[in-house]
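Q: Everything in the sequence shown is counted per our numbering, starting at 5 for the first residue and increasing by one. Beta carbons: idealized from backbone N, C-alpha and C, even for Gly.
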Amino acid sequence: ARVRGPDYLEGLNPEQRAAVEATEGPVLVLAGAGTGKTRVLTTRLAHILATGRAKPWELLVVTFTNKAAREMRERITHIIGPSAEGLRWLGTFHSVAAQILRRHAELVGLKSNFTILDTDDQERLIKQVLEAENVDAKRWTPKALAGLIDHWKNRGWTPDRLPPSEGREFANGKGPALYRLYQERLRVLNACDFGDLLLHNLTLFMANPDVLADFHDRFKYVLVDEYQDTNVAQYLWLRLLAQKRQNVCCVGDDDQSIYGWRGAEVDNILRFERDFPGATVIRLERNYRSTSHILAAASGLIAANKGRLGKTLWTEQDGGEKVIVRGVWDGEAESRLIAEEIERAHKGGTEKDPRRYRDIAILVRASFQMRAFEERFVMLQIPYTVVGGPRFFERAEIRDAHAYLRLIQSPDDDLAFERIVNVPKRGIGDTTVQKLLQIARLNGVPVMQAAREAIQTDELAARTRTALSNFIRDLDRWRGQAQAIHHSRLTEQVLEESGYTDALRLDKTPTAQTRLENLKELVQSMQAFDTLEAYLEHVSLVMDMDRGPQADAVQIMTLHSAKGLEFPLVFLPGWEEGVFPSQRSMDEKGEKGLEEERRLAYVGITRAREEARISFAANRQVYGRWTSQLPSRFVDELPLANVEASSETGYYGGGPGMQQQHGSRWDESPTFGAGYSSPGWKRAQERNFRGSHPGRGQVIEGEGRLVVSESSAASDFKRGQRVFHQKFGYGAVKSVDGNKLTVTFDKAGEKKVIDSFVEKA
Ligand code: ATP
Ligand code: MG
């Protein structure tokens, strides 16, 4: 007989244990990061099963991402063994709701084999609805309506339940009617979109009490992780399913609510106590994840938010390293510094054990920030994975841009042609493309040539013919310009003139902004290459690197996808005003957006177990122009006692003036880093920029920006000299021609580069 209780309860603190053992009745665990909420949830699940309170298929368990669901399943398998396979109802809100809907589809007017539309299909369908209603789809885009409908669905509003004030501004008040038509079309097609999954569940439960009663019988216990990020529809769904037995346990942290733009509501936390009267509220205050400096830094930062429930956190892991904060010269210097530190950590320094790559994470605010790291890692052969999304060069918008460039460079590139002939939409549909491909095959010519011929005949409809000739004319024009202008400028022009960027600007979904940023980053990164060929060659080189899943790899991801995870060493780059907090949140009225960004910063720091390293760059290149950046306000908000300002090798060229400047700032400031945003510091920074770049260009003040123009003065590099290039790594100068160098790089081979992009090694 066990005296001390089962193994899985060992080591829990009293509050955690209480949360695990309070199986009956509503329980809300409200606690800060790293206090063991997820661990409590998993253990509670194991406890319910081990004590025979329920069978695996009688548990409803929802987590936020598929990854989190997978991990939870693994952890439970570890505790209770293979019977964890019976956890049929463990998944994300969407996956569980889809399962429920399949069983009862006919009750909401669908068949059980309904299809779930992806966003493309959804927009196509909305477009049809707009056209049928004679709504100008240029002015009132399908994307915009899709966004609106999604918003309504997240709030649990069917067309019937839509408040009268909603949708008035869309298409002169037609919003609600269009929503209704769209839903009808979906039904006819036996399809639903993502938002429908939960919405149909709600309708199903409310209209069919017997079905709901069945689920009440089935689900003896309900468990929810990351509760702070549930939206209204998800909340209503949970409440319906849990209201009878009331055996519901939600764990969450109001300070980590980061999906406001997706309709998540912190209010749900407050509602819980009202909707489930007599709920046991358990607070966990001991953090098991991080050392004290990391925890204190995060707590100090989040204290600046006003709308908080408030909490204290402590840890027994005293000491450890302070959170390191450093300014670097620019984005490239930042990626170089971080890559170097990763190498050092991986090799193991004098005092530390070597770190595995997978124990290291780089958490960025926006995906465009990833490129610099990815390229450097490829060059230095540091294994990495991008979690929760494609790698930079694999992103759809980047591939689209490349397809344009490839087609400009070689008109015979059929794949590129196919990819972009109707991107953005220009009325050249699939049938036309198939027809062109067929002609090309029959005549044994590239599809571009087939297209050229087809527009001379009446084989295509007049409208299609015009669209196609415009497309070909544009391509020819760009090809003509390719010799005259720099390819980064050309790319910019292609993206503008093709309507690609405009389509994204009109796009109101949250990802559109991201895609625009990625394209800017692309244009920026092309600067470093002398020719379009060199650039495209570089891309294929990067894409060609081993892409299989790697067991031991540095984890690159956005702060959003890092939720719930932990790593011994965490890098947090790009803490600059306009990057983090994002420009959008700064432009917004009021503090709401900024507070959400601050919560995101809190999530970021609290991912770290042993070391957190924040960095910001003084300059970033946007569209080939240097803009000077201000350190993020979040840097200023970190408590001085827990932070160490480091100025190691971060600065471009390692200019000593720069280091001193920073050093003195840190030392002098009464509050940490306050001087950073002062005009005085900015001036000093600019002075310094001049000072540390003699002969590299001149600094021009204009529009509050710092602009550097390339100098074409003769290079001061010599043959045989060892150099370092930001993308290609180390190498030796082979020949010098004005400011152009031919360098034989150790890893990347021979390249032509502009001297301002290499440094003496
Ligand atoms: P987040 O808010 O970031 O999701 P969380 O509250 O869910 O964090 P967990 O991920 O469950 O926290 O736990 C954080 C870390 O602390 C994990 O490594 C976990 O194994 C460990 N931990 C939690 N409770 C204990 C405990 N009682 N004893 C030892 N380690 C613990
Ligand atoms: Mg968690």
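1) Quick check on glycine 2: does DSSP put it in helix, strand or coil?
2) Going by Cα to Cα distance, which pick from Tyr606, Ile342, Glu754, Asp417 is closest to alanine 455?
3) Less than 7 Å between the C-beta atoms of tyrosine 388 and valine 558, yes or no?
4) Using DSSP bridges, identify the partner residues of valine 66.
5) Here's the rule I'm using: 16 or more other beta-carbon atoms within 10 Å means buried, otherwise exposed. How should glycine 684 be labelled?
6) Could you tell me which residues DSSP puts in a beta bridge with tyrosine 539?
7) Locate the alpha helix (DSSP H) running through aspartate 279, then write down its first and last residues.
8) CB glycine 304 to CB proline 643, shorter than 7 Å?
9) Can you name the residues that DSSP bridges to glycine 735?
10) Do you know how far the Cα of methionine 383 is from the Cα of alanine 109?
11) What ranges does the alpha helix (DSSP H) occupy inside the stretch 579-639, keeping only unbroken runs of at least 4 residues that lie completely in it?
12) Under 7 Å from any heavy atom of the ligand MG, by CB: list those residues in chain order, please.
13) Per DSSP, phenylalanine 575 forms a beta bridge with which residues?
14) Who are the near neighbours of glycine 151 in its chain, counting only those whose CB is closer than 8 Å to its CB and skipping five residues on each side?
15) Below 8 Å, how does it come out for the stretch 26-33 and the stretch 282-291: are there three or more Cβ pairs, yes or no?
16) Helix, strand or coil: which one does DSSP assign to glutamine 487?
17) From glutamate 500 to alanine 88, what distance separates their C-alpha atoms?
18) Is asparagine 17 near the ligand ATP, in the sense that its beta carbon is under 6 Å from a heavy atom of that ligand?
19) So, using beta-carbon positions, are valine 133 and alanine 175 closer together than 7 Å?
20) Which value, in whole angstroms, describes the spacing of the CA atoms of leucine 114 and leucine 563?
21) So which of Ser739, Asn117, Asp164, Cys196 has the shortest CA-CA distance to aspartate 125?
22) Report the three-state DSSP secondary structure of alanine 195 (helix, strand or coil).
23) Is it buried or exposed for tryptophan 144, if we count other Cβ within 10 angstroms and need 16 for buried?
24) As a quick exercise: from Ile273, Ile120, Ile342, Met590, pick the residue whose alpha carbon is nearest that of aspartate 258.
25) Below 8 Å on the Cβ atoms is my contact criterion, and I expect leucine 203 with alanine 246 to pass it. Report the Cβ-Cβ distance as a whole number of Å.
26) Given glycine 179, which residues of its chain have a CB within under 8 Å of its CB, disregarding the five upstream and five downstream residues?
27) Is there at least one non-hydrogen atom of the ligand ATP closer than 6 Å to the beta-carbon of arginine 293?
28) Given this structure, state the Cα-to-Cα distance separating glutamate 541 from valine 44, to the nearest angstrom.
29) Looking at asparagine 117: is its Cβ nearer than 7 Å to the Cβ of threonine 96?
30) Does the Cβ of glutamate 754 have 16 or more other Cβ atoms within 10 Å, making it buried, or fewer, making it exposed?
31) Using 10 angstroms around the beta-carbon of tryptophan 61, count the other beta-carbons present and answer buried if the total reaches 16, otherwise exposed.
32) Quick check: does the Cβ of alanine 88 come within less than 6 Å of any heavy atom belonging to the ligand ATP?
33) Under the three-state reduction of DSSP, which class applies to threonine 145: helix, strand or coil?
34) Alpha carbons only, please: which of Ala407, Gln413, Asp750 is nearest the one belonging to proline 419?
35) Given the structure, does alanine 308 come close to the ligand ATP, in the sense that its CB is under 6 Å from one of the ligand's heavy atoms?
36) Report the option in Gly40, Glu269, Cys253 whose CA atom is closest to the CA atom of glutamate 28.
A: Inspection of the coordinates gives the following:
1) Absent from the structure is residue 2, since the part of the chain shown begins at 5 and ends at 765.
2) When C-alpha distances from alanine 455 are compared across Tyr606, Ile342, Glu754, Asp417, the shortest belongs to Asp417.
3) A contact, by the Cβ cut-off of 7 Å.
4) Looking at the DSSP assignment, valine 66 forms a beta bridge with Gly95, Val228.
5) Annotation note: pLDDT 34 at glycine 684 (below 50); position unreliable, no value reported.
6) In the DSSP assignment, tyrosine 539 forms no beta bridge with any residue.
7) Residues 271-279.
8) A Cβ-Cβ contact shorter than 7 Å links glycine 304 with proline 643.
9) Beta-bridge pairing links glycine 735 to Val727, Phe749.
10) So the alpha carbons of these two residues sit roughly 52 Å apart.
11) 587-591, 596-609, all fully within the stretch 579-639.
12) Those residues placing their Cβ nearer than 7 Å to any heavy atom of the ligand MG are, following chain order, Lys41, Thr42, Asp229, Glu230, Gly568.
13) Answer is Ile366, Arg617, bridged to phenylalanine 575.
14) In the same chain as glycine 151, and ignoring 5 residues on each side of it, the C-beta atoms closer than 8 Å to its own belong to Lys512, Thr513, in chain order.
15) The stretch 26-33 is in contact with the stretch 282-291.
16) Residue state, collapsed to three classes: coil.
17) So the two alpha carbons sit approximately 53 Å from each other.
18) For the ligand ATP, at least one heavy atom lies less than 6 Å from the Cβ of asparagine 17.
19) No. Outside cutoff.
20) Going by the C-alpha atoms only, they are around 38 Å apart.
21) Here the closest residue by C-alpha is Cys196.
22) Strand.
23) In the assembly as shown, tryptophan 144 is a buried residue. Its beta-carbon has 16 or more other beta-carbons within 10 Å.
24) Of Ile273, Ile120, Ile342, Met590, the residue nearest in Cα terms is Ile273.
25) The C-beta distance from leucine 203 to alanine 246 rounds to 19 Å, too long to meet the 8 Å contact threshold.
26) Hits under 8 Å: Leu149, Leu152, Glu170, Gly171, Arg172, Glu173.
27) At least one heavy atom of the ligand ATP is nearer than 6 Å to the Cβ of arginine 293, so yes.
28) If I take the Cα positions, the gap works out to 51 Å.
29) Result no, Cβ atoms of asparagine 117 and threonine 96 do not sit closer than 7 Å.
30) Exposed, by the Cβ-count rule.
31) By the neighbour-count rule (16 or more Cβ atoms within 10 Å), tryptophan 61 is not buried but exposed.
32) Not one heavy atom of the ligand ATP lies closer than 6 Å to the C-beta of alanine 88.
33) Three-state DSSP puts threonine 145 in coil, outside helix and strand.
34) Checking the sequence, you will find leucine at residue 419 rather than proline. It is Ala407 whose Cα lies nearest to the Cα of leucine 419.
35) In this structure, alanine 308 has its beta carbon at no less than 6 Å from each heavy atom of the ligand ATP.
36) Checking every option, the nearest Cα to that of glutamate 28 belongs to Cys253.
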